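Chemist: Following this message is one structure expressed as structure tokens.
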Amino acid sequence: MSSPIFGQLKTSLADYLTNITYRAQFGDEQAAALMARFELPRVVEALKAVLDEHSPDAHGRCPSCRTRRFGRAPAPCRAYLTAHLCLVATEEDLPEETAVPMRRRVAFGG
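So the sequence shown is residues 7 to 116, counted in the numbering used here.
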């Protein structure tokens with residue numbers, strides 16, 4: 007059973023993500039532009055912060071994930087794999103006009 011605080015955090019984040027997704031998908035052009043300008047950078051920063059917690063150590067292991075009692079998960083861990091699958095591996099599903107050419111991508115990372 008999870009703690010009440012975790013439940014509140016989970017619900018609050020789920021509501022926030024549902025709200026911004028709905029506004030971006032179904033809002034008018036101004037709402038979509040505001041989402042892109044103000045909310046998208048916040049979501050990107052949050053994802054970068056989570057992934058920073060899962061950056062491999064000097065031995066190539068994730069410092070945050072554990073696979074067994076005294077071991078660490080190899081990199082890339084599930085956090086990186088999940089982010090990659092959700093954001094990069096599904097690019098072929100995007101409409102062609104929204105896909106960003108590889109040469110124009112901005113590199114993030116640490």
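Note that the Cβ used here is the ideal one computed from N, Cα and C, for glycine as well. Just so you know, these numbers come straight off a predicted model, no measurement behind them.
Between which two residues does the alpha helix (DSSP H) carrying Ala30 extend?
Modeler: Locating residue 30 in the sequence shown gives position 24, where the first residue counts as 1. 10-32 is the span of the alpha helix (DSSP H), which, as asked, contains Ala30.
Chemist: Is the stretch 55-64 touching the stretch 81-92, taking contact as three or more C-beta pairs under 8 angstroms?
Modeler: yes
Chemist: Give the DSSP bridge partners of Arg67, in chain order.
Modeler: Residue mapping note: residue 67 aligns to position 61 of the sequence shown, counting from 1. Answer by DSSP bridge pairing, in chain order: Pro80.
Chemist: Answer yes or no: do Glu45 and Ala55 have a C-beta to C-beta separation smaller than 9 angstroms?
Modeler: Indexing the sequence shown from 1 puts residue 45 at position 39. Indexing the sequence shown from 1 puts residue 55 at position 49. Taking 9 angstroms as the cut-off, the Cβ atoms of Glu45 and Ala55 do not count as close.
Chemist: Go ahead and pull the three-state DSSP assignment for Arg72.
Modeler: What you label residue 72 is simply residue 66 of the sequence shown in a count that begins at 1. Here Arg72 sits in coil by DSSP.
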